[in-house]
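Visitor: Numbering-wise, our numbering comes out as the position in the sequence shown, counting from 1, plus 1006. This is the structure, below, for whatever I ask next.
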Amino acid sequence: MIKLSPHARVFLRPGGAIQFGMNAYHAGIIQCEPQIISAVLAAFLELRAPTITQQFITRLVQAGLGELAARTMVEELIAHGIIWHHQPTTVALIGNSRSAAIVHEVLNESDIAARVPMRNESPRLFIQRLEAHIPIIVVGQQPMGALTQALARRRSVIPARIIDTHCVIGPVKLSGSGPCLHCIELYCIDADPHWTALLEQCSPSQRYAPAYEHLLAAKLTGLLTATFHGATHNARMSPTITAPVLSAGTVVSFDLYTANMHHEQRHSHPLCVYCYEQRQHTSTTR
């Protein structure tokens, strides 16, 4: 299935053309015969909803294009990033703070279905019910307690939190590789022996600056889109932008006032019992 990129606003351009996006330098522009341009424009406006590729080609043929011309046009617009392959992605979301609620809202509006625990369902039971391949996004900076072990057994876990004036995503665990949440705790304790005492005073009800909470949601959604949908989605419409992707061990930090994101890599902590158990289990099952 395919759909029109959310970045590609459709315009009727003087001179018998359809333009995708405001910036004519980067936007795709297609020429159309005057007698069919309105019907072709209507077909593209309908492509905001996911559509089977052949059905959309047929719709263009009905609008007045030839079969080969319609197929070629679709292929070129896909290559240009104006039409996207529709690839529904599902993640799970753990967290009951306002930051988590904003992340949930932005993800669901961005073709990433975020599943959350049902009412009165414990996070532990929610994790146990999830299919093994579904990544878990953990939003917030609070003690995980018994959830740490359950999350350590998952194949993909992506923490996202706000620490003072920085948003931090990671360290990421993907497809069984990378540090777990307990590793993060151990690294924090290495840096500050009193980290645990401070963490226990954190509460989901504590709010951060709203701009930071929305920034965390936006950057996280962008990174997940590039990682799971492919960085080529935006490549041609924004040729000067290289979309970063998440990999095992990735840590990304950023703030509200600087454009750059700081990237680093972290490995499993040498003292993490959960990662040690996972390595032992992996070696015995080979």
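By construction, the Cβ of each residue, glycine as well, lies at the ideal position given by its N, Cα and C atoms.
In whole angstroms, what is the alpha-carbon distance linking Cys-1194 and Gln-1037?
Guide: 58 Å
Visitor: Should Thr-1095 and Ala-1119 be called a contact, given that it needs their Cβ atoms to be closer than 9 Å?
Guide: yes
Visitor: So, under 8 Å CB-CB, Thr-1256 and Gly-1176 are touching, yes? Tell me the CB distance rounded to an integer number of Å.
Guide: The C-beta distance from Thr-1256 to Gly-1176 rounds to 5 Å, short enough to meet the 8 Å contact threshold.
Visitor: So, with DSSP's three-state summary, where would you put Leu-1229?
Guide: helix
Visitor: Quick one: residues in its chain with C-beta nearer than 6 Å to the C-beta of Arg-1054, no 5 flanking neighbours on either side, listed in chain order?
Guide: Leu-1010
Visitor: Which ranges would you report for the beta strand (DSSP E) in the region 1097-1126 if only whole runs of at least 3 residues count?
Guide: 1118-1121
Visitor: Assuming Met-1007 and Ile-1089 are in contact, meaning their beta carbons sit under 8 Å apart, how far apart are those beta carbons, in whole angstroms?
Guide: With a Cβ gap of about 11 Å, Met-1007 and Ile-1089 do not count as contacting.
Visitor: Three-state secondary structure (DSSP) at Gln-1025?
Guide: The three-state secondary structure of Gln-1025, taken from DSSP, is strand.
Visitor: Let me check one thing: in DSSP terms, what residues is Cys-1173 bridge-paired to?
Guide: Ile-1168, Phe-1260
Visitor: Quick one: what does DSSP say Val-1080 is sitting in, helix, strand or coil?
Guide: helix
Visitor: Between which residues of its own chain and Ala-1069 is the CB-CB distance below 7 Å, once the five residues before and five after are set aside?
Guide: Ile-1042, Ala-1045, Val-1046, Ala-1049
Visitor: DSSP has Phe-1062 in a bridge; who is on the other side?
Guide: Looking at the DSSP assignment, Phe-1062 forms no beta bridge with any residue, so it has no partner.
Visitor: Output the distance between the C-alpha atoms of Val-1016 and Ile-1035, rounded to the nearest integer angstrom.
Guide: 10 Å
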